[in-house]
Ligand SMILES: O=C[C@H](O)COP(=O)(O)O
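Numbering (my numbering), first residue to last: 2 to 220.
Structure representation (structure tokens):
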């Protein structure tokens, strides 16, 4: 294991409640995962998810797991084997796109926070029952902030993380609708910028996104 430090659900949730954002990296190639994480942190986003759709993601997790000031996790975790491997590589939290009981089982047993994906009210309840620290609502952008506030009605105690189609243009609306934090992928971390190693662009996008999370006093 790269990092001997376990991260509790409390720590992950506190980071998300404070920063109100998580970035999702979904590129076919990452030239330098540590540099990518530094670029995001410099722009004000410290919680980063590297996904299993990226080849060699385990190597990238190991390379960036100990970047200071960054909370790094694994996303698109679909199987128990992937969950175990991600934890061994240093992932401090796991995210799934949908309900994956086997992933939840591994994470809960290892004491690693897991955020299961859900879309319907029934799935949100199942995710909580499976031990999800917070529930990723995916693809939230399709139905918009009102859908998130509708989910909050029966589940005021559930930490919801909308994902899919989130950008600087709609992030504040999702937060106002009750999201604990928003998950942004391509709008903050465009795969093309990652693949060419354009860390300046990534930092700028992170900065713009972070600034959009807090409505201006006039608005
Ligand atoms: O799993 C999360 C998504 O890949 C993020 O989607 P996005 O690129 O629309 O933000």
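We put the beta carbon where it would ideally sit given N, CA and C, even for glycine.
* With a Cβ-Cβ cutoff of 8 Å, do residue 100 and residue 75 count as a contact? -> No, the Cβ-Cβ distance between residue 100 and residue 75 is not below 8 Å.
* CB of residue 139 to nearest heavy atom of ligand 1: below 7 Å? -> Because some heavy atom of ligand 1 lies under 7 Å away, the Cβ of residue 139 counts as near it: yes.
* Please determine if the region 146-157 and the region 21-31 are in contact, where contact requires at least 3 C-beta pairs separated by less than 8 Å. => Judged by pairs of C-beta atoms under 8 Å, the region 146-157 does not touch the region 21-31, as fewer than three such pairs exist.
* Sub-8 Å separation of residue 185 and residue 13 beta-carbons -> Between residue 185 and residue 13, the C-beta gap is not smaller than 8 Å, which leaves the two residues out of contact.
* Asked: Within this structure, are the beta carbons of residue 119 and residue 113 separated by less than 8 Å?
  -> No, the pair does not count as a contact, with Cβ atoms beyond the cut-off.
* In angstroms with no decimal places, state the Cα-to-Cα distance between residue 17 and residue 187. => So the two alpha carbons sit approximately 19 Å from each other.
* Asked: Do residue 61 and residue 86 have their C-beta atoms closer together than 8 Å?
  -> Cβ distance not < 8 Å, so residue 61 and residue 86 don't count as in contact.
* Asked: What residues are listed by DSSP as bridge partners for residue 184?
  -> Its beta-bridge partners are 23, 164.
* Are the CB atoms of residue 183 and residue 207 nearer to each other than 8 Å? -> Cβ atoms of residue 183 and residue 207: not closer than 8 Å.
* **Delimiting residues of the beta strand (DSSP E) encompassing residue 52** => Per DSSP, the unbroken beta strand (DSSP E) holding residue 52 starts and ends at 48-52.
* To do: May I have a chain-ordered list of the beta strand (DSSP E) segments no shorter than 3 residues that lie completely inside the region 27-80?
  => Correct list: 48-52, 72-76.
* Asked: Hey, out of 195, 200, 174, 106, whose CA is closest to residue 213's CA?
  -> Measuring from the Cα of residue 213, the nearest candidate turns out to be 174.
* Asked: In three-state terms, what does DSSP make of residue 138?
  -> Looking at residue 138 - three-state DSSP - the assignment turns out to be strand.
* Would you mind listing the alpha helix (DSSP H) stretches within the region 80-108 that are 4+ residues and don't spill past its ends, in chain order? => For the region 80-108, whole alpha helix (DSSP H) runs of length 4 or above, ordered along the chain, are 81-90.
* To do: Below 7 Å CB to CB, which residues in the same chain sit around residue 176 once its five sequence neighbours on both sides are set aside?
  => Once the five neighbours on either side are set aside, the close Cβ partners of residue 176 are 21, 183, 214.
* Among 36, 15, 44, which residue has its Cα nearest to the Cα of residue 211? -> Of the candidates 36, 15, 44, the one whose C-alpha sits nearest the C-alpha of residue 211 is 44.
* Asked: Terminal residues of the continuous beta strand (DSSP E) containing residue 117?
  -> Segment 115-119, the beta strand (DSSP E) holding residue 117.
* Asked: Would you say residue 43 faces chain C, with C-beta separation under 8 Å as the test?
  -> As a matter of chain content, chain C is missing from the structure shown, which is built from one protein chain.
* **Three-state secondary structure (DSSP) of residue 10** => Reduced to three states, the DSSP call for residue 10 is helix.
* To do: Label residue 83 either buried or exposed according to how many other C-beta atoms from any shown protein chain fall within 10 Å of its C-beta, with 16 as the threshold for buried.
  => Classification for residue 83: buried.
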